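In our numbering, each residue's number is its place in the sequence shown (first place is 1) plus 1.
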Amino acid sequence: MSVVTADLLTRLRGAAPEVTVVGDLVLDGWWTGTVDRVTREAPAPVVDVAERCYAPGGAANTAANLAALGARVRLVGLVGDDADGRRLLDLLADAGVDTGGVVVSDRVRTTAKNRILAADQVLVRVDEQQSEPYPAPVLEDVAAAVRRAAPGPGDRGCSSSATTGSGRSTARCARRSCPPRRVRP
Numbered sequence: 002m003s004v005v006t007a008d009l010l011t012r013l014r015g016a017a018p019e020v021t022v023v024g025d026l027v028l029d030g031w032w033t034g035t036v037d038r039v040t041r042e043a044p045a046p047v048v049d050v051a052e053r054c055y056a057p058g059g060a061a062n063t064a065a066n067l068a069a070l071g072a073r074v075r076l077v078g079l080v081g082d083d084a085d086g087r088r089l090l091d092l093l094a095d096a097g098v099d100t101g102g103v104v105v106s107d108r109v110r111t112t113a114k115n116r117i118l119a120a121d122q123v124l125v126r127v128d129e130q131q132s133e134p135y136p137a138p139v140l141e142d143v144a145a146a147v148r149r150a151a152p153g154p155g156d157r158g159c160s161s162s163a164t165t166g167s168g169r170s171t172a173r174c175a176r177r178s179c180p181p182r183r184v185r186p
């Protein structure tokens with residue numbers, strides 16, 4: 002078992018490795034509030050939402066975590082030209098992630114997973130995502146972004162792919178466009 006020490010984190014920050022992350026981008030949300038009653042329409046709690054917090058999810062979470070550890074991260078993926086996509090891109094910019102490889106399209110919907118909580122208990126998760134397959138031209142744009150971001154033969158960077166298991170995997174598209182290869186550490 003590996004242990005993350007302050008010395009290891011200092012060495013990682015000093016090395017500032019280049020990492021390309023490719024995958025499904027998700028906006029994770031946590032809406033917290035209180036429950037004081039049950040609705041008349043059904044035996045369901047009524048949540049008075051007091052706070053909404055958002056964070057990068059899926060491959061976006063991987064990218065943000067790597068950046069927090071000191072890596073120079075470029076991210077490749079797909080978001081919709083919508084409020085959730087803009088919020089996710091803002092969060093990633095704040096985390097220091099290079100989003101130049103993220104394709105923004107008005108032909109897709111950004112995946113958002115919102116958890117509604119009361120008394121530190123998740124009551125329900127509401128998923129908003131693309132219901133039909135991504136359009137071929139959009140996937141071609143993602144494939145081109147993967148090829149542009151992939152480490153070259155002389156690069157000392159590495160790449161990672163992440164999928165949410167939704168069946169609409171950007172990572173699967175990436176593997177077809179740019180098969181994995183070993184890179185020098």
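We put the CB at the ideal spot given by N, CA and C, even for glycine.
Bear in mind the structure is a predicted one, so any value in this text is a computation, not a measurement.
- Message: By alpha-carbon positions, which one of Thr-21, Val-4, Ala-51 ends up nearest to Asp-99?
- Response: Thr-21
- Task: Go to Ala-84, then tell me how far its alpha helix (DSSP H) extends in each direction, as first and last residue.
- Result: 84–95
- Task: In the DSSP assignment, find the unbroken alpha helix (DSSP H) run with Leu-13 in it and report its ends.
- Result: 7–16
- Query: Excluding the five sequence neighbours on either side, which residues of its own chain have a C-beta within less than 6 Å of the C-beta of Ala-68, listed in chain order?
  - Reply: Val-74, Ala-96, Gly-97, Val-98
- Count the other CB atoms within 10 Å of the CB of Val-103; is the residue buried (16 or more) or exposed (fewer)? buried
- Task: Would you kindly check if the distance between the Cβ of Val-105 and the Cβ of Gly-24 is under 9 Å?
- Result: no
- Message: Using 8 Å as the cut-off, can you tell me whether the segment 40–50 makes contact with the segment 127–144, which would need three or more C-beta pairs spanning the two stretches below that distance?
- Response: no
- Task: Kindly list the residues whose CB is nearer than 6 Å to the CB of Ile-117, restricted to its own chain and excluding five residues on each side of it in sequence; keep chain order.
- Result: Trp-32, Val-48, Leu-124, Val-125
- Cα-Cα separation between Ala-60 and Asp-29, rounded to whole angstroms: 11 Å
- Going by the beta-carbon positions, is the gap between Ala-72 and Pro-134 smaller than 9 Å? no
- The alpha helix (DSSP H) with Thr-40 in it runs from where to where? Segment: none, Thr-40 is in no alpha helix (DSSP H) and carries neither H nor E.
- Alpha carbon of Asn-62 to alpha carbon of Arg-38, nearest angstrom: 35 Å
- Message: Counting C-beta neighbours from all protein chains within 10 Å, is the total for Gly-101 16 or more, i.e. buried, or is it exposed?
- Response: exposed
- Message: Alpha carbons only, please: which of Arg-88, Leu-70, Arg-87 is nearest the one belonging to Ala-16?
- Response: Leu-70
- Select from Val-5, Leu-90, Ala-137 the residue whose C-alpha is nearest the C-alpha of Arg-108. Ala-137
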